[in-house]
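Colleague:
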Amino acid sequence: MLETLNVFGPNISTAEGSDWQRQRKLTATPFNEQKSPLVWNESFHQAEDMLKSWSSQSRHGTNATPDDTRTLALHVLAYVAFQKSYPFGSISHHTIQGQDSLTYRDSISIILENALLIMVLPEKMFNLPFLPRRSQQVGWAINSFRNYMASQVEAEKKLIRNGMSGTGNLVSNLVRASNDSKSTSLDHSEDNKFKPLTNAEILGNIFVFNFAGHDTTAISLSYSILLLVANPQVQDWIHEEIEYYVRDQDSKALAYSELFPKLKRSLAVLLETLRLYNPLPGIPKYTGSKSTDLMVNGHTYHIPANYLVVPHLQALHTHPRHWGRDSLTWRPERWIESSGNLEKEALFNPPKGTYFPWSEGIRNCPGKKFAQVEFVATLTALFRSHTAEPVPNKSESLDAARKRTLDVVKDSNVELLLQMANPRSVSIRWRQRPAKN
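The opening residue of the sequence shown carries number 1 in the UniProt record's numbering; numbering runs sequentially from there.
#1: Helix, strand or coil for H188, going by three-state DSSP, please let me know.
#2: Say yes only if the C-beta of S427 is nearer than 7 Å to one or more non-hydrogen atoms of the ligand HEM, and no if none qualify.
#3: Kindly indicate which three-state DSSP category A371 falls into: helix, strand or coil?
#4: Assuming W430 is part of the beta strand (DSSP E), what are its boundary residues?
#5: Are the beta-carbon atoms of L271 and S178 separated by less than 8 Å?
#6: If you drop the 5 nearest sequence neighbours on each side, which residues of the same chain put their C-beta closer than 8 Å to that of S13?
#7: Is it the case that the stretch 213-221 contacts the stretch 394-403, given that we only count it when at least three CB pairs across the two stretches are under 8 Å?
#8: Do W430 and A377 come within 8 Å of each other at the CB atom, strictly closer than that value?
#9: Give the straight-line distance between the Cα atoms of L170 and D19, rounded to the nearest whole angstrom.
#10: Report the start-end ranges of each beta strand (DSSP E) in the stretch 254-310 that is 3 residues or longer and not cut off at the edges.
#11: Compute the distance between the beta-carbons of Y79 and S107, then report whether it is under 8 Å.
#12: Considering only DSSP beta bridges, list what S107 is partnered with.
#13: Nearest-angstrom Cα distance between Y86 and H75?
#14: Residues in its own chain within less than 6 Å of H322 by CB, not counting five upstream and five downstream?
#15: Check M125 in the structure and name its three-state DSSP category.
#16: Taking C-alpha atoms, which residue in R265, V408, V296, V234 lies nearest to Y245?
#17: Consult DSSP for residue 438 and reduce its assignment to one of helix, strand or coil.
#18: Over the uninterrupted beta strand (DSSP E) stretch that includes M420, give me the two end residues.
#19: Thinking just about the alpha-carbon of each residue, which of F145, S172, R146 is nearest to the one in K158?
#20: Buried or exposed: M50, going by 16 or more other Cβ atoms within 10 Å of its Cβ?
#21: Where does G17 sit, in a helix, a strand or coil, going by DSSP?
#22: According to the neighbour-count rule (16 or more other Cβ atoms, all chains shown, within 10 Å of its Cβ), is P332 buried or exposed?
#23: Distance, Cα to Cα, V138 vs F126?
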């Protein structure tokens with residue numbers, strides 16, 4: 001099932017046992033806390049530019065929310081991983097004439113848009129000369145991505161040979177972690193945990209980091225924005241917190257270390273959205289190599305070896321026993337243990353085993369903090385001084401438009417990930433909040 005993710009090379013998502021432990025250790029650097037300020041700053045910058053684009057369309061509104069959140073997520077990944085900064089704007093592939101005209105952004109964007117096809121079809125299929133231009137672009141993107149990464153890896157290895165410091169980007173982190181491991185492995189030649197990443201594993205992990213971190217973040221943002229549009233009282237609720245901590249500070253002065261830990265309500269929006277609308281409907285797990293008996297509430301269950309187990313997240317995340325009678329209602333306030341004082345509010349910690357949108361245990365998602373920081377920064381930029389409302393259809397009231405927006409959110413289905421069937425049917429108008437006297 002997960003083997004399809006090996007399309008660009010072996011990676012941490014498909015590795016098992018000691019091989020997984022080795023890859024987890026060598027791929028940990030890109031997700032350490034030192035990267036969080038970069039994620040925060042670029043997310044805030046991209047969200048501000050996205051808001052400018054949206055608010056300039058205040059008359060008719062914009063229905064580009066799902067497309068623009070994909071662009072934002074892609075740009076944040078490109079900046080944090082490769083220090084490539086792109087101005088916010090929609091991505092078009094219509095002008096691409098051949099492989100040589102592809103930028104890194106073009107390549108990874110095309111690959112992510114066509115990930116399912118790339119995973120299930122042989123790569124040579126995309127290089128057939130009689131295919132439509134769109135299919136040929138996928139082949140060009142694959143080749144361009146491979147070539148770009150190969151050149152990045154070789155450039156980093158050359159810096160190491162010359163005793164020079166690295167660029168600090170994702171490839172640099174992976175190559176240098178592998179080089180350190182290679183030095184150690186000389187004394188442990190038979191120990192798998194000291195083996196460096198191969199070039200194929202570096203490429204495979206870079207693809208998986210992009211695949212896992214792009215669509216999931218973009219989808220979560222799209223769902224959250226439409227849910228906020230349908231629930232103006234929640235917009236006011238998060239704005240109250242943002243206003244309290246941010247006030248009139250310049251956006252460049254809004255430091256990650258100072259603000260992120262305080263913006264619990266914005267994080268609560270993400271947690272609640274993932275509770276009901278997790279992009280991953282289930283998280284594949286495998287039982288161990290040996291069978292075992294599990295005792296639960298006085299009953300013994302036999303767990304066979306080497307079985308695929310896929311916990312049903314939506315069922316678990318909406319069980320009334322854990323989430324109450326309103327378990328199917330989107331209510332971010334449930335995540336705040338309120339004291340009546342903003343500075344003393346704390347996030348609710350669900351009982352173990354009742355909530356794990358990023359998986360749980362040693363194989364939890366390494367990009368969890370990355371996603372949280374990106375989301376909170378984006379929401380802060382969007383709702384700091386603006387409100388969002390649906391543009392009513394002809395003869396439709398604003399309340400009816402909000403109900404229609406909620407219906408659009410609920411009309412979701414699973415392709416590769418959970419997605420709304422028709423999110424572009426909702427146009428959103430962004431307006432400046434009136435100044436307080």
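In this text, a Cβ means the ideal position worked out from N, Cα and C, and glycines have one as well. These numbers were taken from a predicted model, which means no experiment stands behind them.
Modeller: Per the coordinate set shown:
#1: Confidence at H188 is low in this model, with a pLDDT of 48, below 50, so its placement is unreliable and the value that follows should be read with caution. In the structure shown, H188 sits in coil (DSSP, three-state: anything other than H, G, I, E or B).
#2: The ligand HEM is not among the ligands present in this structure, which contains no ligands whatsoever.
#3: helix
#4: 428-432
#5: no
#6: L2, L5, V208, A212
#7: no
#8: no
#9: 20 Å
#10: 292-296, 299-303
#11: no
#12: DSSP, once it has assigned bridges, lists no residue as partnering S107.
#13: 6 Å
#14: T354
#15: helix
#16: R265
#17: Residue 438 lies beyond the stretch modelled for the chain, which goes from 1 to 437, so this question has no answer here.
#18: 418-420
#19: S172
#20: buried
#21: helix
#22: buried
#23: 6 Å
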